[in-house]
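K.L.:
Residue numbers (our numbering): 116 to 318.
1. Quick one: what does DSSP say residue 304 is sitting in, helix, strand or coil?
2. With DSSP collapsed to three states, give me the class of residue 232.
3. For residue 298 and residue 198, what's the separation of their Cα atoms in angstroms?
4. Would you mind sorting residue 169 into buried or exposed? The rule is 16 or more other CB atoms within 10 Å of its CB.
5. Based on the DSSP secondary-structure assignment, which residues constitute the bridge partners of residue 243?
6. Rounded to whole angstroms, what is the Cα-Cα separation between residue 120 and residue 289?
7. May I ask you to report which of helix, strand or coil DSSP gives residue 226?
8. Between which two residues does the alpha helix (DSSP H) containing residue 196 stretch?
9. Using CA coordinates, which residue listed in 187, 202 and 266 is at the minimum distance from residue 216?
10. I need the boundaries of the alpha helix (DSSP H) containing residue 272, first residue and last residue.
11. Should the segment 297 to 315 be regarded as contacting the segment 215 to 234, the criterion being three or more beta carbon pairs within less than 8 Å?
12. Would a C-beta distance cut-off of 8 Å place residue 278 and residue 240 closer than the cut-off?
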């Protein structure tokens, strides 16, 4: 709709959470984009999207107990390497509720697709899988806000309260890190972004 991604849901046509957050570019990324220019930035972002998509596919197969085959041959050296970095964290995932599941919230008027709802270290969690070229000093708050939305939408749809959000990231420089936080800390920020979007789209 008007170049913005939406989902058709039982509650109507709802804006995608990723589209909603795309206007909230972290300062460090905006600075980088200004320095390298839009053409280079768009090229790097396309490569990053391709890298992330391949790693997601491997993780989904792994968590679904499907045979992985030759990862390097099927997905390339980079995606295979990033997945292998992330395996120790993936092995803490248990009692999976859903993988790559579309969810929506009537209350918030937003929809999206969560990577994983499962137990992580024994706590019911919204789990997101990310890839990056390197570990950055600052945490990308958008990732936490996005996972918070999935947590709220899941609770609204199922009545099950999410205990924590977990972001598992593998980086091209050979690191893996896990960010664990509480959804309650980011609810206000999410609501503010939604309110601003609605105000701008109607105004």
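A virtual CB, placed ideally from N, CA and C, is assigned to each residue, including glycine.
P.N.:
According to the structure shown:
1. Here DSSP, grouped into helix, strand and coil, assigns residue 304 to helix.
2. In this structure, residue 232 counts as strand in the three-state DSSP scheme.
3. Their Cα atoms are separated by approximately 26 Å.
4. Buried is the call here.
5. In DSSP, residue 243 forms a bridge with 282.
6. Each residue's Cα considered, the two are about 33 Å apart.
7. Three-state DSSP puts residue 226 in a strand.
8. Its alpha helix (DSSP H) spans residues 192 to 205.
9. Put simply, of 187, 202 and 266 the residue whose alpha carbon is nearest the alpha carbon of residue 216 is 266.
10. Counting along the chain, the alpha helix (DSSP H) containing residue 272 begins and ends at 256 to 273.
11. Because the criterion of three Cβ pairs below 8 Å is met, the segment 297 to 315 and the segment 215 to 234 touch.
12. A contact, by the Cβ cut-off of 8 Å.
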